[in-house]
Every structure is written in structure tokens, then in C-alpha cells.
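Sequential numbering of the sequence shown, starting at 1136, is according to this note's numbering.
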Amino acid sequence: MKCGLLGEKLGHSYSPRIHGELADYAYRLYEKSPEELDAFLRGGDWDGLNVTIPYKKTVLPYCTQLSDRARRIGAVNTLVRLPDGGILGENTDAYGFEKLIGRAGIAVTGKKCLVFGSGGASVMACAVLQDLGAGSVTVVSRRGEDNYDNLGRHADAALLVNTTPLGMYPHTGVSPVALDAFPACEAVLDVVYNPARTEFLLQAERRGIPHAGGLYMLVAQAKRSAELFTGSTIPDAEIDRIEGLLRREMLNIVLIGMPGCGKSTIARALGRALGRPVVEADQLIAEEAGCSIPAIFEREGEEGFRRRESAVLCEQGKRSGIILSTGGGCVTREENYAFLHQNGTILWLQRDTSRLPKEGRPISLRSDLDELYAKRRPCYERFADLVIDNNGSVKETAEKIREVLA
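Here it is, written out as C-alpha cells:
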């Protein structure tokens, strides 16, 4: 069986990885120009396809059968070659989005819903929300009747859904709207899956309301596609398993803690054990400045160093699957939290202050370490997802981290 993903420009895709976990068929990336599309679809050298931008509507005329939902949405993302040579078109994105809503435990019935964006994902999301009994579903777009200049009329919206690419890697840190404009908001969904936490979702996290990104939806729609390709039933538990697997692989491991607490040493040990690239924030700062950290402090002061540090963390925090060792004072700037948290699990390495070296560390040299720790402790607590004791051996600490992240 030959299956794969069809698009014009595909780049990196998680689809082969996901389908490799779901079934044993070959799954390839089919990057086709518009001029190549007709011959490819009619050629028949495939059994099942997922379809992405810009062909979700283009392939409609090739479908001899359409599911009711695909017809209603007016777009398909899954094609299945039928025994008679015909082609079935289905929209498994809708299945995935519905599963995402259920996984997030979000009640839709009777709720006022706002969907940001007017593309194919927006049409799909609106159809699912309506099927689930939403009280109303309004599309907000740049030039529509409901746009970003008159959001005030929808301040009572209960569910907000982003279907735009805003906040997607590599252009992270932006959101379609500020949640402050929606005091009645009860839940937030974002179809973007990289980074794991878009700025849209981070706002919901700060407000303590239910929220979810698009990774679960991506895996769920792939599961449904695999069922259609193979004619078999795949347990829903596979969605959870594969989503968890991908999330662990994608999320960065970010190490924070006092200067000299062992972040660099533990990062290197983890890198060797896990086969992940290791990034030293201070090393990058020094390389970009063309001088040592103490020299930066002498030349630009702490404020200049912190600006350089935030710029490095902004770029490195966008990446996936790295181990990032940070400087001890990065937690003193609140903006760094979003940079590190958007695609990372933040681990606070704790070591007794009596065991912390001062050499080569400008702030440590001029500070009482107990006082410095007392001052920074609330910041470490605010940033940390997990706390790891690093008073033992390197091997012991690395093993603790591997266990808690497994």
C-alpha cells in the first residue's frame, strides 16, 4: 500500500512519523506543482493521500464520492483510492478538531463561539462547532463584517478558536487577539501545533482557563485517515500514545537555576544520553557579542547583557527537541518565560548555595549568594515546571530528569 502527504511545498512534516506509528504502509511526501497535480492524481500510483495547502479544494473535482461533512465544508484533506478506481474524499481535519474539543473537555452546546480566520480551517471549525450545538458561531476576519476593528461587539464570546497561522513557528510570540478583550471567555483552542503553546494559548494559561493546541488534532486526523486507508479500526488510545510520544520529542528541555548549579554539565550529560543537541545560551551570547560574559557586563552593564540574553532565548526557545542551558539570571526578565515555555519543559536545578562557585560569574562575584538566591527564588518558582535536586552526581541527576520526562 502506498500512502502519503500531497502538497505544493511540504518542507518538514510530522505526518510520516505519525503514520509510521499507526500502521505498516509506506508513507511518503508528495511535493507536486500545480502543473504536476492532474497527472499524479489520475496516475493511480497511490492508495491513500492526505492533502494539504493549497490543494484541499483543488482535488474536489477528482473525487467520485464525497462524505457529507467534506461536501458541507467544501474541502478534503484525505483521498482514498476505491476498488473501482474512483476516489473517496473525506475531511478528517473535522474529525481531529472534534476529538480535540472532547480531549480538552470543552463544552460547546449553547455557547457563543468566535473563529478567527476565514480559510479552509475556519470553515471546518465552524462546521464542527455547529454540529456540536454551538449557540452561535461567528467568523472574524480582516475584511469581513466581523473584523478585528469591531471585536467589542463579541466581548461576551465563551469559546475562541484560532484557525490562522498567527503564532506558528518560526513567527512565534504573536496572537490574533488579546484575551483581555473577552472577559467572558471560558476556553481557547488553536489549530497551530508548533510551538506547543502559542501566545494565544499562553494568554489563556495566564488566565487559568481551559486551552489546547493543535497537536492532538493532527494525530487524531491522521488516525482517522489511517483507518480509511486500511479499512480497519484503530483504538482512540493510539491518539493519546502518539501525541504523548511526539510531545516528548518536540518539547525542549530547558534548564534554569542559580549560577554554578550545574546546568551546563547536566545539559551535556542529557545530550549524550538522549541524542539531543545541546545549546548553551551564555556561549551564544558571547559568540554574538564577540567577547566574554564578564566583558559584556563591563562594557554594557547588566541591562545590556540581559537584552542580549533575551534575544538569544527568543530565538532558541522557538526550536524543538533541544536541551537549552540558560544563565542564572534569565528568570529576572518576565518576557523570557514565554520564550522558554512556548516549546519547552522548564526544569529548575537546585544546588546548595555553599556549593556554588563564583569564578567568572560577574553577579555572583559581587553578591552574597544566599541573598541572591532569596531574591531570585520566586522567579525560579514562577518559571519552573519541575524541580530537580542537583546535589548528587551528574549521573544521578540526569537519570532523575529522564525518569520525570519519560
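Think of the CB as a built atom: it goes at the ideal place given N, C-alpha and C, for glycine as much as any other residue.
Predicted model only: the values in this text are computed from it and were never measured.
- If you ignore the 5 residues before and after C1198, its C-beta comes within less than 6 angstroms of the C-beta of I1222, G1224, all in its own chain and listed in chain order.
- Look at V1413 here: in three-state DSSP terms it is strand.
- Where S1460 is concerned, the enclosing beta strand (DSSP E) starts and stops at 1458–1460.
- In this structure, G1302 lies near F1335, with their beta-carbon atoms less than 7 angstroms apart.
- One alpha carbon belongs to L1363, the other to Y1304, and they sit about 30 angstroms apart.
- In this structure, L1294 sits away from K1234, with a CB-CB distance that is not shorter than 7 angstroms.
- Three or more pairs of CB atoms, one per stretch, sit closer than 8 angstroms, so the stretch 1443–1457 contacts the stretch 1411–1423.
- In this structure, N1329 sits away from G1479, with a CB-CB distance that is not shorter than 7 angstroms.
- The DSSP-derived three-state label of L1336 is helix.
- Cβ atoms of G1463 and P1394 come within 8 angstroms of each other, at about 4 angstroms.
- With a 10 Å radius around the Cβ and a threshold of 16 neighbouring Cβ atoms, Q1485 comes out buried.
- Three or more Cβ pairs drawn from the stretch 1469–1478 and the stretch 1446–1460 lie within less than 8 angstroms of each other, which places the two stretches in contact.
- According to the DSSP secondary-structure assignment, R1454 is paired through a beta bridge with no residue.
- For a cut-off of 8 angstroms, the C-beta gap from K1398 to G1392 is around 6 angstroms, short enough to register as a contact.
- Taking the Cα positions, P1429 is about 12 angstroms away from R1501.
- If the five residues before and after E1384 are omitted, its C-beta is found closer than 7 angstroms to the C-beta atoms of G1456, all from its own chain and listed in chain order.
- Each of L1217, R1238, I1369 was checked against the Cα of G1183, and the nearest Cα belongs to L1217.
- Listed as beta-bridge partners of E1166 by DSSP are G1142.
- Taking all protein chains in view, the Cβ of K1510 is surrounded by fewer than 16 other Cβ atoms within 10 Å, so the residue is classified as exposed.
- For T1480, the enclosing beta strand (DSSP E) stretches over residues 1479–1485.
- DSSP, reduced to helix, strand and coil, places A1322 within a strand of the structure shown.
- CA-to-CA, the gap between A1239 and V1466 works out to about 30 angstroms.
- CA-CA distance, G1220 to T1333, rounds to 42 angstroms.
- Under the rule that a run must span 3 or more residues, the beta strand (DSSP E) segments found entirely inside the stretch 1328–1413 read 1387–1391.
- Residue state for A1262 is assigned as helix, using DSSP reduced to three classes.
- Taking the C-beta atoms as reference points, V1414 is found no nearer than 7 angstroms to L1482.
- Between I1344 and K1358, the CB-CB gap reaches or exceeds 7 angstroms.
- Taking a C-beta distance under 7 angstroms as the contact criterion, F1232 and T1299 do not qualify as a contact pair.
- The C-alpha of L1324 lies about 32 angstroms from the C-alpha of A1161.
- If you draw a 10 Å sphere on the C-beta of N1285, you find fewer than 16 other C-beta atoms in it, and that means exposed.
- For V1296, DSSP records a beta bridge to V1250, L1324.
- Annotated as distal: I1374 and E1156, with beta-carbon spacing of 7 angstroms or more.
- With fewer than 16 neighbouring CB atoms inside 10 Å of its own CB, G1495 falls in the exposed class.
- Here the alpha carbon of A1361 sits roughly 7 angstroms from the alpha carbon of H1154.
- With contacts defined by Cβ atoms closer than 7 angstroms, L1504 and L1521 do not form a contacting pair.
- Note on geometry: alpha-carbon atoms of A1319 and S1257 lie some 22 angstroms from one another.
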